[in-house]
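What follows is a set of notes on a single structure, which appears directly below.
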Amino acid sequence: MTEQTKVNADLQQERKKCTFNITELTNFIDGGPHMTEERRKREEKVLKEGIHIEEVPSEYLSHKEKYELAVKKACMLFKLIRRWQEEENTGMESFRAVLGGSLGSAILQDGSPLTLHYVMFIPTLMGQGTVEQQAYWVGRAFNLDIIGTYAQTELGHGTFVRGLETTATYDPKTKEFILNSPTLTAYKWWPGGCKYQFLFNDHDGTYVNSPSSKLTYGTMMFVRVVLVNDMCNYVAKAVTIATRYSAVRHQSQPKPDEPEPQILDYVTQQHKLFIGIATVHAFKLSADWLWNMYNNVTAELEAGDLDRLPELHALSCCLKAVSTADAAESVERCRLACGGHGYMLASNLPLTYGHVTAACTYEGENTVLLLQTARYLVKAWQQAAGGNTLTPTVSYISKIYAGRRSPPWDNTIEGIIEGFQRVAAGKIGLSVTNIEKRQKEGMSYEDAWNMTSVQLSQASESHCRAIILSTYNEEMKIQAASASPELKKVLFQLVDLYVVYWALQRVGDLLRFTSISERDIEQLHRWYEDLLVQLRPNAVGLVDAFDIKDEILHSALGAYDGRVYERLMAEALKSPLNAEPVNRSFHMYLKPFMQGKL
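As structure tokens, then:
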């Protein structure tokens with residue numbers, strides 16, 4: 001083994017401690033050995049093209065140069081994808097595979113200029129166009145004869161679609177639409193966050209109705225489902241970087257006359273990182289569950305059955321909001337866990353944080369989305385009050401509405417999840433009560449809703465939290481059934497950690513809406529601390545199982561070999577500022593100033 005390929009000794013030791021087969025977990029995450037093989041082949045094929053390689057790191061380029069480089073890379077990447085499609089007869093899967101938060105962000109770190117074309121524009125044509133429109137436009141879109149995007153957002157308007165100032169007037173003589181943005185606030189600004197797509201007749205400009213106006217949400221729901229999965233990739237990157245770094249970094253001296261320990265040995269560091277590892281698995285299983293539901297509902301829509309569309313809309317809204325908010329918090333926690341080094345661009349944590357925080361706003365700002373879900377929850381509460389049957393994801397409301405009184409607290413995973421359902425139902429019920437009370441006092445429904453909107457958004461978050469906890473637990477029971485005993489044990493330790501962590505995070509809500517006691521809370525704290533101890537030997541193995549190549553991770557702190565300090569120095573030497581021992585500004589300005597000659 002050469003000096004250049006030598007693996008840090010601490011990381012080697014960490015990998016020897018692992019109690020399960022890392023490859024087995026990688027296959028579990030990917031969905032089977034064949035899926036791991038396909039992913040790795042895809043990554044090898046893309047990376048072999050060298051599109052990700054930069055002569056000068058992009059952080060040292062001007063804004064104009066970055067833009068031009070991104071366009072160049074995007075064209076090279078999509079040329080490659082088109083070649084794949086011809087050779088392997090693949091469809092949209094090829095685009096999704098290389099545009100997400102994993103491989104895609106390795107090639108185009110700031111995102112692809114053509115992502116919206118493939119992820120939103122083409123799916124809208126395929127999902128809402130007539131047969132004639134699809135025949136004419138889809139092929140051209142795939143071949144990049146045309147480039148489409150969403151151009152809703154204006155300088156002065158975003159979510160409120162009816163407030164948009166831009167007009168499109170049909171000219172029957174030319175059979176074209178004349179677009180007019182009459183004011184400064186009507187300028188298109190950050191295109192890409194559109195709620196609705198309208199299809200018109202290619203002859204007289206008349207609007208063509210979809211089978212249901214609700215179908216206009218189809219593309220948006222599709223993108224929100226994809227976003228939940230993307231958040232898994234970004235959090236997996238961040239926690240891989242921070243965990244490997246924490247195994248290599250030594251700091252402080254808690255015991256006199258003993259060496260500085262790995263910072264991963266500090267329980268506070270484990271507290272920061274292990275929840276991130278569990279979050280990746282929770283989001284992955286929730287994303288897969290939501291994706292299956294999306295496909296089932298889409299099939300029902302094609303058959304004319306719209307019954308489950310509101311439920312899917314409510315779920316995609318709140319899961320997008322909660323997953324992006326949680327991802328932002330997780331990535332920032334990882335950045336902080338790496339100390340000053342985490343703030344360096346070479347760590348790749350600042351850029352990752354930028355991606356996930358941006359996701360909190362696009363495709364529906366999170367507060368707006370939570371309030372969308374709240375409308376569904378209010379209706380569900382009213383239906384439960386009327387004795388009606390509720391859809392599966394809100395059926396707990398009927399059970400709790402009928403029971404009212406809280407049963408004794410059950411300090412088990414299932415008991416905690418039921419506690420979260422009681423919290424959600426309690427918040428929904430209080431919100432409905434407050435809306436009705438304000439209406440009785442003379443407020444309009446709209447004003448009563450606005451006054452209650454903080455409570456409503458919190459009710460949606462609690463509902464979503466209960467859904468994620470329940471889904472993670474139940475899906476893990478199904479997915480891990482065939483896992484080896486060693487892996488199964490660790491997987492359920494992660495489930496326990498995730499559920500207990502959130503119980504402690506929301507202990508105030510549990511005290512308010514359940515019969516949890518101080519003694520129960522003390523037991524949860526001890527349970528949580530025990531789980532950190534149990535997971536500690538497997539920390540590096542768990543992030544290794546995410547199987548993120550160094551080229552994709554793009555981090556001096558998180559590379560597989562753990563050579564953090566050598567890589568940090570190498571990255572620093574790439575800076576034009578370090579091309580000369582002393583920058584000329586010293587001789588031109590600083591030295592004369594120090595000598596009193598400036």
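Residue 1 is where the sequence shown starts when you use UniProt numbering, and the numbers rise one by one after that.
Every residue gets a Cβ at the ideal spot worked out from N, C-alpha and C, and that includes glycine.
Here F20 carries a coil assignment [DSSP, helix/strand/coil]. Burial check for N366: the Cβ neighbour count within 10 Å reaches 16 or more, so the residue is buried. In the three-state DSSP reduction, E154 falls in the strand class (E or B). Straight-line spacing of the CA atoms in W291 and K284 works out to 10 Å. Within the DSSP secondary-structure output, F593 pairs in no beta bridge. In the structure shown, I122 adopts helical secondary structure according to DSSP, grouped into three states. The alpha-carbon separation between S347 and L487 amounts to approximately 30 Å. Distances from the CA of Y401 to each of G104, G426, K379 and N296 were compared; the closest alpha carbon is that of G426. Judged by beta-carbon spacing, A247 lies within the 8 Å limit of L11, meaning their Cβ atoms are closer than that value. Proximity to V56 across K597, K591, L590 and P576 peaks at P576, based on C-alpha coordinates. In the displayed model, L345 falls within a helix according to three-state DSSP. For M569, the closest alpha carbon among the candidates V46, E24, H341 and R244 is that of H341. Cβ contact annotation for A282 (same chain, cutoff 7 Å, sequence separation greater than five): I468, Y472 and Y498, in chain order. Counting along the chain, the unbroken alpha helix (DSSP H) around T279 starts and ends at V267 to E302. Within the region 478-516, the complete alpha helix (DSSP H) runs of at least 4 residues fall at 485-505 and 507-513.
In summary, I428 is buried, with 16 or more beta-carbon neighbours lying within 10 Å of its beta-carbon over all protein chains present. No Cβ-Cβ contact shorter than 8 Å links L80 with F274. Around the beta carbon of E49, a 10 Å sphere encloses fewer than 16 other beta carbons of the protein chains shown; the residue is thus reported as exposed. Separation of E474 and Q270 (C-alpha to C-alpha, rounded to the nearest whole angstrom) is 25 Å. In the structure shown, F222 adopts helical secondary structure according to DSSP, grouped into three states.
Just measuring C-alpha positions, the residue of S316, G111 and H117 sitting nearest M221 is S316. Distance from the Cα of L377 is smallest, within the candidate group Y362, I397 and E363, for I397. Between A424 and A384, the C-beta gap is not smaller than 8 Å, which leaves the two residues out of contact.
Three or more Cβ pairs drawn from the region 19-29 and the region 540-559 lie within less than 8 Å of each other, which places the two stretches in contact. Where L179 is concerned, the enclosing beta strand (DSSP E) starts and stops at E176 to N180. Its chain contains H117 as the residues whose beta carbon lies nearer than 6 Å to that of I147, once the 5 sequence neighbours on both sides are disregarded; these appear in chain order. For A570, DSSP records no beta bridge to any residue.
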